[in-house]
Amino acid sequence: MNTFPDTLSPTPDLATALDPVALLKAMVAFPSLSHEEGPLADWIEAVVKPHGVSCRRIDDNIIFWIGEGPRTLLLNSHLDVVPPSEGHPYDPFTPTVRNGNLYGRGTVDAKASGASMTAALLQLAQAGYEPPDGRVMVALTACEETSGYNGLEAIRPELPAPSAAVVGEPTALQPCIAQKGLLILKLVAHGRAAHAGRAHLGENAIHLLMDDLQRLRTLDLPGEDPLLGPCTLTPTVIRGGEANNAVPDRCTATLDIRSTPSTSHAELIDAVTEAVQSEVVVHSQRLVPVSTAPEEPIVRACQAAIPEASPFGSPTASDWIFLTDVPTVKIGPGLSERSHTAEEHIDLAEVTRAVEVYRAVITTYFHQHSS
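Under our numbering, the residue at position 197 of the sequence shown is numbered 1272, and the numbers go up by one with no gaps.
Structure, rendered in structure tokens:
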């Protein structure tokens, strides 16, 4: 059961609230697995409420903001983490600093983004910043790392419509403006059962499925994207047969298809269906690909904040899929390759740098519209 760490003050002082490293260390100490974010949400609520921002709690999602104008810039990251892996060098929920790096579950994915966004907004509030004719809102949400309930999806009807958004995920502080989607299909090959001693009387569903997988291996899927490259299709699970001495009449395979904004899931389903003899069943098409045009103000604001950065496309999904109607950039500290690994850690200098980046993105975004 997730509990409040004994080492943390339930009422953090201003210095802690404004310091992203202190915030991140505290956040890592909470074992906030999906659906167990409550104690961490309680602590974040205690952090932000005394420090000049408006705050709202919806379930275990914390939303806080400055400004009351109609133009809303949303900064979103998630509170939940995946369970620990085998082989962590240190206790995964004891924040441990070694050589300027902080080790622990969630340091990269994505508590560093959440801590930096929180510090950025509180620093702006402390400085008396008011977004001209606008509102800057941070939403730290639950259940990004699981299916079913999703915090951002659940609270969006309760929020003002964002004019633009920043999703905090590990991108090494490079602006991601395109993200692949995920389409999961299941192939079902139907054969005819028989005794293995008289195999010629049956039709082996494993052979039928093998033929289809061979066809898919050379299939050119539609949807080549300039930032994301081609759509990819990977068989990930095969199941067939029940008895050692029986010809199987059914065999299934799960297909992981990473899609791009250049084609629809419907087109990909059609392409697979035309290529195979097996039945095609749609298991999930919820994670759609997304992209933002380079000329959008939020992209320009990110590039102004990090002039040396080049926009790129990401193969991994995020809560961006619940902002498909909003110009969005995915950007945050840390290397995505370290997410969900036993060696998950982050350079603390990059966490501090992320606060500067988020502050610059916020002020530049609103300056574009007020000038």
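Even for Gly, the Cβ is constructed at its ideal location relative to N, Cα and C.
Quick one: what's residue i bridged to in DSSP?
i: Glu1354; result: Val1263
i: Arg1131; result: Ile1138
i: Thr1327; result: Val1263 and Arg1314
i: Arg1413; result: Paired residues: none, contrary to the question.
So, at 6 Å on beta carbons, what are the nonlocal neighbours of residue i in its own chain, with the 5 sequence-adjacent residues on each side left out?
i: Gly1409; result: Val1183, Ala1187, Pro1245 and Ile1421
i: Gly1277; result: Arg1267, Ala1268, Ala1269 and Val1322
i: Cys1028; result: The chain is shown from 1076 up to 1446; residue 1028 falls before or after that span and cannot be answered.
i: Tyr1165; result: Thr1171 and Tyr1178
For residue i, does the count of other Cβ atoms within 10 angstroms reach 16, so buried, or fall short, so exposed?
i: Gly1407; result: buried
i: Pro1237; result: buried
i: His1442; result: exposed
i: Val1357; result: exposed
i: Arg1273; result: exposed
i: Tyr1022; result: Absent from the model: residue 1022. The displayed extent of the chain is 1076 to 1446, so no value can be given.
i: Gln1198; result: buried
i: Ala1318; result: exposed
i: Pro1390; result: exposed
i: Asn1136; result: buried
i: Arg1173; result: exposed
i: Ala1090; result: exposed
For the putative contact between residue i and residue j, defined by C-beta atoms under 8 Å, what is the C-beta separation to the nearest angstrom?
i: Leu1260; j: Val1347; result: 6 Å
i: Ser1152; j: Gly1243; result: 3 Å
i: Val1156; j: Arg1180; result: 5 Å
i: Ala1417; j: Ser1160; result: 4 Å
i: Ile1141; j: Val1211; result: 6 Å
i: Asp1300; j: Gly1388; result: 7 Å
i: Gly1256; j: Ser1337; result: Not confirmed; about 11 Å, so no contact.
i: Val1351; j: Asp1295; result: That belief does not hold up - the Cβ atoms of Val1351 and Asp1295 are roughly 15 Å apart, past 8 Å.
i: Leu1248; j: Glu1425; result: 7 Å
i: Gly1189; j: Leu1227; result: Wrong, their Cβ atoms sit about 13 Å apart, outside the cutoff.
What does a CB cutoff of less than 7 Å around residue i pick up in its chain, not counting 5 residues either side in sequence?
i: Val1404; result: Val1241, Pro1250, Cys1251, Ile1252, Thr1367, Ile1373, Val1374 and Cys1377
i: Leu1093; result: Ala1194, Leu1197, Gln1198 and Gln1201
Excluding sequence positions up to five away, which residues of its chain have a Cβ less than 8 Å from the Cβ of residue i?
i: Ser1339; result: none
**OP:** Give a yes or no on contact between the stretch 1369–1376 and the stretch 1432–1446, applying the rule of three or more CB pairs nearer than 8 Å.
**Re:** Result yes; three or more Cβ-Cβ pairs closer than 8 Å.
Subject >> Contact between the stretch 1214–1234 and the stretch 1394–1408 (3+ Cβ pairs under 8 Å) >> reply: The stretch 1214–1234, when compared against the stretch 1394–1408, does touch it at the 8 Å Cβ threshold.
Subject >> Cβ contact (3+ pairs, closer than 8 Å) linking the stretch 1348–1368 and the stretch 1307–1319 >> reply: Verdict: no, contact absent.
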